[in-house]
Amino acid sequence: MINLTPRETRVALVENGVLQEIHLERAQRRGLVGNIYLGSVRRVLPGMQAAFIDAGLERTAFLHVSDLQRDASDPAPPIDQLIREQQSLLVQVIKDPIGDKGARVTTQITVPSRYLVLTPSSCGMGISARIEDESERARLRSIGQAINEQSEGGIGQVGLIFRTAAEGACAEEISSDREFLLRLWDSIGKRAASAQPGTLVHEDLPLYQRAMRDLANRDLERVRVDSHEGYQRLLEFCSDLLPHTLERIELYSGERPIFDLYGIEDEIERALARRVDLKSGGHLVIDQTEAMTIVDVNTGGFVGHRNVDETIFKTNLEAAQAIARQLRLRNIGGIIIVDFIDMNDPEHQRQVLRALEKSLDRDHAKTQIGEVSALGLVEMTRKRTRESLEQLTCQACPNCDGRGTVKTAETVSYEIFREILREVRQFESQRIMVLAAPSVVETLLDEESTGLAHLEEFIERPIELQVETLYAPDQFDVIPV
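The opening position of the sequence shown corresponds to residue 1 in full-length UniProt numbering, with each subsequent residue numbered one higher.
What follows is the structure in structure tokens.
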């Protein structure tokens, strides 16, 4: 489902009637992954084996020595022997800016199309590990070798990788893809040769076209677009690159918004909540932090019908499937710690891990899953290239500054008492004016009324309270008058 508006594009991937992925792109915050820039080396940091690159972005980009183009068979020399300050480099963004961190870039450029990825910095041929059938891998390898031999000069100094979508593709489609990539790389090289440092040389496709290129596999049943102009642009794009998808693209012209019709808006709202309810009655609690994401599994109201071990096992199995979906849906990356309910049976642990791995098979992002630790935790990582759904759509709460908690009215009341004593000692006054949130004033007049009266008697001045509806729960002012 593709929802297009002038300022925002949203793409939803629905499998078996269930939302699996949601992708957002806004006009003011377009993703940078895949973009190619002519950058200038701003600083080289030998101690970090890294450099900061000025690519004309808001913040300097980060380049690690492992992302520098070089012979992979040789050990990496110190970075200051490979590049120098003020040097111009052609770099590609591999990770969007997240939080206060700038984009991460590489000089190992890759240019993808439908079936192939061009790798100009290395020669040779590769095949996606997701294509597991050995006979299909052999067929693709022979097609690649034949195309290489038939082409004048062969692949030369560029390499090719067969994408997962190449499975089942014919030789003509693959050859056409290769020619398109070579022409595109030639035009990129010409633009880079005449560009100034800090210039965008090649911009990746807009989200809805990128989604068609990357997500439209052989299992694709339908693509529904709710914009007539976007529908026409998508048809033009697919007629050249994805002709087999043309008959599956539909224009949705109904009065009801397309995301409302399929319940996607409600799913997005639920994907921003901490708690995820399971059908069995158990639930997940998902907490995203800057360092990692924690997923806690709870039985909740599920008591089962047999023994405790079977109840826990069933809840953990359901949780494993739900966790895999939530990671895709929320686009959570980085380090993830899953606290399954403790299982005593090693076979139960193995089956739960296998269920988690199987549920992640369809995830386009690379994941690695560890064994169950001595503390019953499962450590895993998921490749992070773009901001998560929460990072894209939410900001830190102005009341708690992202902590997730605010001080209680009782705590704020005692802070006010201490502040009053400080003010009385420092300034001459006839009375004390306290400005605070409604909940705090209510607490001072109710539960803390005795303490307030004793304080008035102690400082020998009246204390007046004034409600400020716009104040945060822990915000107050004490004014000597």
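For each residue, glycine too, the CB sits at the ideal point set by N, CA and C.
Report the residue from F259, D266, I312 whose alpha carbon sits nearest the alpha carbon of S280.
-> Start at 1 with the first residue of the sequence shown, and residue 280 comes out as number 280. For the residues F259, D266, I312, the minimum Cα distance to S280 belongs to I312.
Where N344 falls, given that 16 or more other Cβ within 10 Å makes a residue buried = Numbered from its first residue, the sequence shown carries residue 344 at position 344. Exposed: under 16 other Cβ atoms inside 10 Å.
Beta-carbon separation of Q49 and I79 under 8 Å?
-> If you number the sequence shown from 1, residue 49 lands on position 49. If you number the sequence shown from 1, residue 79 lands on position 79. At the C-beta level, Q49 and I79 come within 8 Å of one another.
With DSSP run on the structure shown, which of helix, strand or coil describes I2?
-> The sequence position of residue 2 within the sequence shown is 2, counting from 1. Residue state, collapsed to three classes: strand.
Which term fits M1, buried or exposed, when burial requires 16 or more other beta carbons within 10 angstroms of its beta carbon?
-> Translated into positions along the sequence shown, residue 1 becomes position 1. Answer is buried; the Cβ neighbour count reaches 16.
Is it the case that the Cβ atoms of L329 and I22 are separated by a distance below 8 Å?
-> Stepping through the sequence shown from its first residue, residue 329 is reached at position 329. Stepping through the sequence shown from its first residue, residue 22 is reached at position 22. Yes, the pair counts as a contact, with Cβ atoms nearer than the cut-off.
Same chain, Cβ closer than 7 Å to D177, five either side skipped, listed in chain order | Walking along the sequence shown from the start, residue 177 turns up at place 177. Counting only Cβ-Cβ distances below 7 Å, and skipping sequence neighbours, we find S113, R114, Y115, L116.
Would you call the CB atoms of T385 and D96 closer than 8 Å?
-> Residue 385 sits at position 385 when you count from the first residue of the sequence shown. Residue 96 sits at position 96 when you count from the first residue of the sequence shown. Cβ distance < 8 Å, so T385 and D96 count as in contact.
Indicate the three-state DSSP secondary structure (helix, strand or coil) for T367 in the structure shown.
-> Your numbering for residue 367 matches position 367 in the sequence shown. In this structure, T367 counts as strand in the three-state DSSP scheme.
L118 and W185 closer than 8 Å at C-beta = Reading the sequence shown from its first residue, position 118 is the one you call residue 118. Reading the sequence shown from its first residue, position 185 is the one you call residue 185. Taking 8 Å as the Cβ cut-off, L118 and W185 qualify as a contacting pair.
Whole-angstrom distance between S239 and V93, CA atom to CA atom | Position 93 of the sequence shown, counting from 1, holds the residue named residue 93. Position 239 of the sequence shown, counting from 1, holds the residue named residue 239. Here the C-alpha atom of V93 lies approximately 28 Å from the C-alpha atom of S239.
Are the beta-carbon atoms belonging to I332 and T293 less than 8 Å from one another?
-> The residue labelled residue 332 in the question sits at position 332 within the sequence shown. The residue labelled residue 293 in the question sits at position 293 within the sequence shown. For the pair I332 and T293, the CB atoms are nearer than the 8 Å cut-off.
Does the stretch 248-263 come close enough to the stretch 221-238 that 3 or more CB-CB pairs lie under 8 Å?
-> Judged by Cβ distances under 8 Å, the stretch 221-238 makes contact with the stretch 248-263, as three or more pairs qualify.
Since A12 sits in a beta bridge, which residues does DSSP pair it with?
-> Walking along the sequence shown from the start, residue 12 turns up at place 12. Beta-bridge pairing links A12 to I22.
Pairwise C-alpha distance: L57 and M380 | On the sequence shown, residue 380 is found 380 positions in, with the first residue counted as 1. On the sequence shown, residue 57 is found 57 positions in, with the first residue counted as 1. Computed Cα separation, rounded: 32 Å.
Rounded C-beta distance between A192 and L38? I'm assuming under 8 Å.
-> Residue 192 sits at position 192 when you count from the first residue of the sequence shown. Residue 38 sits at position 38 when you count from the first residue of the sequence shown. At roughly 5 Å, the Cβ-Cβ gap stays under 8 Å, so A192 and L38 are in contact.
Anticipated Cβ contact below 8 Å, A320 with V276, distance rounded = Counted from its first residue, the sequence shown places residue 320 at position 320. Counted from its first residue, the sequence shown places residue 276 at position 276. With a beta-carbon spacing of about 13 Å, A320 and V276 fall beyond the 8 Å limit used to define contacts.
Own chain residues within Cβ distance below 7 Å of A451, not counting five before or after = Position 451 of the sequence shown, counting from 1, holds the residue named residue 451. First, the amino acid is wrong: residue 451 is Gly here, not Ala. The residues are F417.
Sorted by chain position, which residues of the same chain lie with C-beta nearer than 6 Å to T110's C-beta, five sequence neighbours on each side aside?
-> Here the question's residue 110 lines up with position 110 in the sequence shown. V117, T119.
Does the Cβ of S40 have 16 or more other Cβ atoms within 10 Å, making it buried, or fewer, making it exposed?
-> The count along the sequence shown starts at 1 and reaches residue 40 at position 40. Buried, since its Cβ has 16 or more Cβ neighbours within 10 Å.
Taking K95 as part of the beta strand (DSSP E), name the residues at either end of that continuous run.
-> In the sequence shown, residue 95 corresponds to position 95, counting from 1. Counting along the chain, the beta strand (DSSP E) containing K95 begins and ends at 88-95.
Return helix, strand or coil for L215, following the three-state DSSP convention.
-> Position 215 of the sequence shown, counted from the first residue, corresponds to residue 215. It is helical.
Just checking my contact of S413 with V372 at CB under 8 Å: how many whole Å lie between their CB atoms?
-> The residue you call residue 413 lines up with position 413 of the sequence shown. The residue you call residue 372 lines up with position 372 of the sequence shown. No, S413 and V372 are not in contact; Cβ-Cβ is about 46 Å, not under 8 Å.
Please list, in chain order, all residues of the same chain as F237 whose beta carbon is under 6 Å from its beta carbon, the five residues on each side excluded.
-> In the sequence shown, counting from the first residue as 1, residue 237 sits at position 237. In its chain, beyond the 5 residues on either side, Q209 have a beta carbon closer than 6 Å to the beta carbon of F237.
Which word fits N217, buried or exposed, when buried means at least 16 other C-beta atoms lie within 10 angstroms of its C-beta?
-> As a first step, residue 217 must be located in the sequence shown, where it is residue number 217. By the neighbour-count definition (other C-beta atoms within 10 Å, threshold 16), N217 is an exposed residue.
I323 - DSSP class collapsed to helix/strand/coil | Within the sequence shown, residue 323 is the residue found at index 323, counting from 1. DSSP places I323 in helix when its eight states are reduced to three.
Can you give me the Cβ contacts of A396 inside the same chain, cut-off strictly under 8 Å, excluding the 5 residues immediately before and after it?
-> Position 396 of the sequence shown holds residue 396. Close CB contacts of A396 within its chain, under the 8 Å cut and outside five residues either way in sequence, are with G402 (chain order).
At what residues does the beta strand (DSSP E) containing T119 begin and finish?
-> Translated into positions along the sequence shown, residue 119 becomes position 119. For T119, the enclosing beta strand (DSSP E) covers residues 116-119.
Whole runs of the beta strand (DSSP E) within the stretch 197-242, excluding any shorter than 3 residues = With a minimum length of 3 residues, the continuous beta strand (DSSP E) runs that stay inside the stretch 197-242 are 199-202, 223-225.
Which partner residues of V434 appear in the DSSP bridge assignment?
-> Within the sequence shown, residue 434 is the residue found at index 434, counting from 1. Residue pairing from DSSP places V434 in a beta bridge opposite L465, V478.
Count the other C-beta atoms from every protein chain shown that fall within 10 angstroms of the C-beta of R104, then say buried if there are 16 or more, exposed otherwise.
-> Residue 104 sits at position 104 when you count from the first residue of the sequence shown. In summary, R104 is buried, with 16 or more beta-carbon neighbours lying within 10 Å of its beta-carbon over all protein chains present.
Is DSSP giving S194 helix, strand or coil here?
-> If you number the sequence shown from 1, residue 194 lands on position 194. Correct three-state label for S194: helix.
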